[in-house]
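Data first, discussion second: the structure below is written as structure tokens.
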Amino acid sequence: MNRRDFLALTATAAALPFAASASMAYTPGLVTRHLNAGDTVFLDFKASWCSTCAAQERVINALKAENPAYEANITFIDVDWDEYGRSDLVRSLNIPRRSTLVALKGDRELGRIVAQTSQASIKALMDSALSAAIA
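The working numbering puts the first residue of the sequence shown at 196, with every later residue one more than the last.
Spelled out as structure tokens, the structure:
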């Protein structure tokens, strides 16, 4: 293997974990647009300084890396709590705090988790979203 091929392969391998963790940043109207388009939406209400949010993010990213079907079928949206914690979205969904995860399809809430970091709980919510997405 020549040096150029080695460097290209190394750069690609290094970028893979980040590719699996791609989520959209929330902007007003984004959730409604995706729900109206028939998408299944997974909302992560988080703050950069929140340790529980960081733990949830690690679990979500690990699950996405294990099962590419999550990323392929679910729209993941990160909602910055510091910026949108008092938004219409938060009020309409009755979000109690940061570190809340919510799965939606159409006008239905598929489930939610508040301040839980267990892989089993987060996986169950993501599986519920995946089932709705492929149904």
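Every residue, glycine too, gets a C-beta built ideally from N, C-alpha and C. Since the structure is predicted, the reported quantities are computational estimates derived from the model, not experimental observations.
Cβ neighbour criterion (16 or more within 10 Å) applied to residue i
i	result
T222	exposed
R343	There is simply no residue 343 to check, as the chain begins at 196 and stops at 330 in what is shown.
I329	exposed
W276	buried
Same chain only: Cβ atoms within 7 Å of residue i, ignoring 5 sequence neighbours per side
i	result
K318	L258
V254	T312, Q314, I317
I320	For the sequence presented, residue 320 should be read as Leu rather than Ile. So the qualifying residues of the chain are L296, A298, G306, I308.
P263	none
L325	A264, Y265, N268, I269
Extent of the continuous alpha helix (DSSP H) to which residue i belongs
i	result
T247	246 to 261
Start and end residues, beta strand (DSSP E) containing residue i
i	result
A298	295 to 300
Notebook entry, point to check: How do the region 296 to 304 and the region 225 to 233 stand: do at least 3 beta-carbon pairs fall below 8 Å, yes or no?
Noted result: yes
Check: So, do the region 270 to 287 and the region 233 to 241 have three or more beta carbon pairs nearer to each other than 8 Å?
Finding: Three or more pairs of CB atoms, one per stretch, sit closer than 8 Å, so the region 270 to 287 contacts the region 233 to 241.
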